[in-house]
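Asks: FYI, in the working numbering the residues of the sequence shown are 53 to 345.
Take a look at the following structure, please.
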Amino acid sequence: MKSKSVGLIIFILGLSIFSYPYISKSYYDYIYRQEVESIEDSFSDASDSDNLYAEQVSYNENAISELDEIEQANVTFKDDSPENQVDFSDTNVLGTMSIPAIDLYYPIYDGASDENLYQGLARVTGTSYPVGGINTNAVIAGHNGLAGKIYFSDIDQLVTGDLIQIQNRHEKLTYEVYDTAIIKPDQVSALAIIPGQDTLTLLTCIFLPDSVDRYLVYARRIENPTEEREGQEAQDNSSIEEKNPEDEKNPKLDQSSIIQHIELFVQRYGSILVILITGSFMIYWIFIRDTKR
Numbered sequence: 053m054k055s056k057s058v059g060l061i062i063f064i065l066g067l068s069i070f071s072y073p074y075i076s077k078s079y080y081d082y083i084y085r086q087e088v089e090s091i092e093d094s095f096s097d098a099s100d101s102d103n104l105y106a107e108q109v110s111y112n113e114n115a116i117s118e119l120d121e122i123e124q125a126n127v128t129f130k131d132d133s134p135e136n137q138v139d140f141s142d143t144n145v146l147g148t149m150s151i152p153a154i155d156l157y158y159p160i161y162d163g164a165s166d167e168n169l170y171q172g173l174a175r176v177t178g179t180s181y182p183v184g185g186i187n188t189n190a191v192i193a194g195h196n197g198l199a200g201k202i203y204f205s206d207i208d209q210l211v212t213g214d215l216i217q218i219q220n221r222h223e224k225l226t227y228e229v230y231d232t233a234i235i236k237p238d239q240v241s242a243l244a245i246i247p248g249q250d251t252l253t254l255l256t257c258i259f260l261p262d263s264v265d266r267y268l269v270y271a272r273r274i275e276n277p278t279e280e281r282e283g284q285e286a287q288d289n290s291s292i293e294e295k296n297p298e299d300e301k302n303p304k305l306d307q308s309s310i311i312q313h314i315e316l317f318v319q320r321y322g323s324i325l326v327i328l329i330t331g332s333f334m335i336y337w338i339f340i341r342d343t344k345r
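If you want it as structure tokens, here you go:
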């Protein structure tokens with residue numbers, strides 16, 4: 053019996069070490085999702101939102117074109133420092149970013165300082181504010197994964213056509229990915245404004261210990277797809293004059309929506325479920341199976 057107990061302890065310790073990254077990721081995903089919702093709600097209630105938004109638009113319109121105004125963001129791929137904690141006490145929040153393709157939801161802060169990058173994503177100083185407009189390019193930096201957090205670890209999975217949404221103090225903007233690049237930290241020309249365009253650039257480091265290169269994702273502004281869908285739905289609803297009572301009693305969920313929710317659940321919790329099922333089987337095998345002999 054003693055050997056069984058030792059074996060169980062070793063198994064539980066191993067299971068805990070193996071499952072920690074997944075549990076930690078789920079925890080921080082929840083924390084950041086809550087914060088994103090809180091920030092977006094606060095924008096509609098804040099009395100100074102309109103003034104701050106106007107200042108950001110004015111900055112973009114009068115932005116200095118010299119590239120040496122753009123700072124190099126101190127993004128990394130790992131950090132074990134004790135100050136790497138979630139702290140949303142800063143008031144310099146610019147908005148939020150969501151990328152459904154990689155299940156990313158984070159706040160955006162002003163200035164790519166160490167503190168801001170620990171809390172979420174950050175605008176690179178010297179680039180446009182994320183408020184849209186012709187002749188703008190907002191460069192948003194993020195770490196390539198810190199302990200238990202994802203940040204921009206998965207942006208290398210983005211492909212042409214994926215959507216990135218920015219909620220600022222005034223409206224929601226949608227950008228479509230069209231290109232990627234790998235650059236050196238001093239290649240700030242890759243972050244320059246493209247004349248006549250409204251673009252967004254995501255910036256992070258390369259996931260290699262000795263690499264100093266930066267990974268970029270370029271996206272171009274498009275019309276909000278949600279608004280287009282809402283307009284189409286309104287048009288469809290206006291053409292429906294009668295409703296079938298049986299349909300109201302037996303509502304049918306949209307199949308694509310169900311599949312999307314299932315995929316999202318598997319992405320978030322699939323690894324944890326596998327660990328729990330495997331752990332339960334091992335406990336059964338160690339104890340119950342032996343007692344039946």
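Just so you know, even glycine gets a beta-carbon here, dropped at the ideal spot from N, CA and C.
Evaluate Gly248 with the Cβ neighbour count: other Cβ atoms within 10 Å of its Cβ, from every protein chain shown; 16 or more gives buried, anything less gives exposed.
Replies: exposed
Asks: Just the C-alpha distance for Asp93 and Leu169, rounded to the nearest angstrom, thanks.
Replies: Looking at the backbone, the Cα of Asp93 and that of Leu169 are separated by about 22 Å.
Asks: Between the C-alpha atoms of Ser145 and Ile61, what's the straight-line distance to the nearest angstrom?
Replies: A small fix is needed here, since residue 145 is Val in this sequence, not Ser. When the Cα atoms are used, Val145 and Ile61 turn out to be separated by approximately 45 Å.
Asks: With respect to the alpha helix (DSSP H) encompassing Glu107, which residues constitute its N-terminal and C-terminal limits?
Replies: 101-113
Asks: Express the C-alpha separation of Asp265 and Lys236 in angstroms, rounding to a whole number.
Replies: 5 Å
Asks: At the level of alpha carbons, what is the spacing between Leu215 and Asp262?
Replies: Rounded to whole angstroms, Leu215 and Asp262 show a C-alpha spacing of 31 Å.
Asks: Kindly provide the ranges of any beta strand (DSSP E) runs that are 3 or more residues long and lie completely inside the stretch 136-186, ordered along the chain.
Replies: As far as the stretch 136-186 is concerned, its whole beta strand (DSSP E) runs of at least 3 residues are 145-151, 156-162, 173-175.
Asks: Nearest-angstrom Cα distance between Ala233 and Ile245?
Replies: 16 Å
Asks: Roughly how many angstroms lie between the CA atoms of Asp155 and Asn103, to the nearest whole one?
Replies: 31 Å
Asks: Can you give the Cα-Cα distance for Ser9 and Pro159, rounded to whole angstroms?
Replies: This structure cannot speak to residue 9, because the chain is shown only from 53 to 345.
Asks: Assess contact between the stretch 104-113 and the stretch 171-188, defined as three or more Cβ pairs (one per stretch) separated by less than 8 Å. Is contact present?
Replies: yes
Asks: Kindly list the residues whose CB is nearer than 6 Å to the CB of Asp100, restricted to its own chain and excluding five residues on each side of it in sequence; keep chain order.
Replies: Its chain contains no residue whose beta carbon lies nearer than 6 Å to that of Asp100 once the 5 sequence neighbours on both sides are disregarded.
Asks: For the beta strand (DSSP E) holding Asn189, just list the boundary residues, first then last.
Replies: Run containing Asn189: 188-193, per the beta strand (DSSP E) assignment.
Asks: Could you say which of Ala242, Gly194, Ser165, Thr148 lies nearest to Glu223 if we only look at CA atoms?
Replies: Thr148
Asks: When burial is assigned at 16 or more other CB atoms within 10 Å of the CB, is Ser96 buried or exposed?
Replies: exposed
Asks: Which of the three DSSP states is assigned to Ala242 in this structure?
Replies: helix
Asks: List the whole-angstrom C-beta distance separating Ala193 from Thr251, where the pair is believed to meet the contact cut-off of C-beta under 8 Å.
Replies: The pair is not a contact, with the Cβ atoms about 15 Å apart (cut-off 8 Å).
Asks: Using DSSP with H/G/I as helix, E/B as strand and the rest coil, what is Ile202?
Replies: coil
Asks: What distance in whole Å lies between the Cβ atoms of Val269 and Ile207, which are believed to be in contact at a cut-off of 8 Å?
Replies: 5 Å
Asks: Looking only at its chain, what residues have a beta carbon closer than 6 Å to the beta carbon of Leu254, apart from the 5 residues adjacent to it on each side?
Replies: Same-chain partners within the cutoff: Ile192, Ile207, Val269.
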